[in-house]
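First comes the structure, then the notes that go with it.
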Amino acid sequence: MTEGELRYNYFFDEWIIYAPKRQRRPDRKKDFCPFCKGSEEVKDLINKPIRLDNKFPSLSLEVDYWSKEEDQLYKSKSAYGKCEVLVYSADHGKKFHELKVDEILSIFEKWIEATKQLKEDKKIKYILPFENFGKDVGASILHPHEKIFCINSLGF
Numbered sequence: 004m005t006e007g008e009l010r011y012n013y014f015f016d017e018w019i020i021y022a023p024k025r026q027r028r029p030d031r032k033k034d035f036c037p038f039c040k041g042s043e044e045v046k047d048l049i050n051k052p053i054r055l056d057n058k059f060p061s062l063s064l065e066v067d068y069w070s071k072e073e074d075q076l077y078k079s080k081s082a083y084g085k086c087e088v089l090v091y092s093a094d095h096g097k098k099f100h101e102l103k104v105d106e107i108l109s110i111f112e113k114w115i116e117a118t119k120q121l122k123e124d125k126k127i128k129y130i131l132p133f134e135n136f137g138k139d140v141g142a143s144i145l146h147p148h149e150k151i152f153c154i155n156s157l158g159f
């Protein structure tokens, strides 16, 4: 399996996204941040937030939308969807709550733009922007940013 999949956990009565490819993300030099000024990743980031495709997504638009497996012990479905990254600013230390009102409004505009574009895919049923900051939530990049997940089902 190269892409992620949705797996049902019978013990907790919940669905999870299993994405082994994300465990193979390369290590970065400690002094390098792909979202800071001067990085090729964010060369277009001037004074406005920028949307990027997640390089190591847990969801994919390239999987078979209808693929699923089911038996008494195992239930899974394709993890159909898309993961994006929204970088607020080129400033490595500027967290969301420290942004000015006009900067926050620019982020809201990006949410609206993303929602309009992502919902054009009629298979997408749920779009969730969320802040992804700090090791406690699993962020591998400490530069303040958020993710935008869109997926084919809310209840899986």
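If you want the numbering used here, it's the 1-based position in the sequence shown plus 3. A virtual CB, placed ideally from N, CA and C, is assigned to each residue, including glycine. This one's a predicted model, so the numbers in the text were calculated from it and none came from an experiment.
Touch test, the stretch 127 to 134 against the stretch 150 to 158, Cβ-Cβ under 8 Å, three pairs minimum: Yes, the stretch 127 to 134 touches the stretch 150 to 158.
Residues near K40 in its chain [Cβ-Cβ closer than 6 Å; skip 5 each side]: Result list for K40: A93, in chain order.
Start-to-end residues for the beta strand (DSSP E) that takes in K119: Membership of K119 in any beta strand (DSSP E) is not indicated; the residue belongs instead to the alpha helix (DSSP H) covering 104 to 121.
First and last residue of the uninterrupted beta strand (DSSP E) at F152: From DSSP, the beta strand (DSSP E) with F152 extends over 148 to 154.
Cα-Cα separation between Y182 and K58, rounded to whole angstroms: Because the chain in this structure spans residues 4 to 159, residue 182 falls outside the shown range and cannot be described.
Distance, K122 Cα to F111 Cα: 16 Å
Distance between E17 and V104 (C-alpha atoms, nearest Å): 38 Å
Reference L89; option with closest CA among S63, E134, K97, S70: Taking only the C-alpha atoms, the option nearest L89 is E134.
Check whether G84 and L62 have beta carbons under 8 Å apart: yes
Among K33, K80, P23, C36, the one whose alpha carbon lies nearest that of P60: P23
Helix, strand or coil at K24 according to DSSP, with G and I counted as helix: helix
Terminal residues of the beta strand (DSSP E) in which I144 lies: That residue, I144, is in no beta strand (DSSP E); it is neither H nor E in DSSP.
Nearest to E65 (by Cα), restricted to the options P52, E72, S81, D74: Taking E65 as reference, the option from P52, E72, S81, D74 with the minimal CA-CA separation is S81.
Cross-strand partners of C86 (DSSP beta bridge): F152
Buried or exposed by the 16-neighbour rule on C-beta atoms within 10 Å, applied to E87: buried
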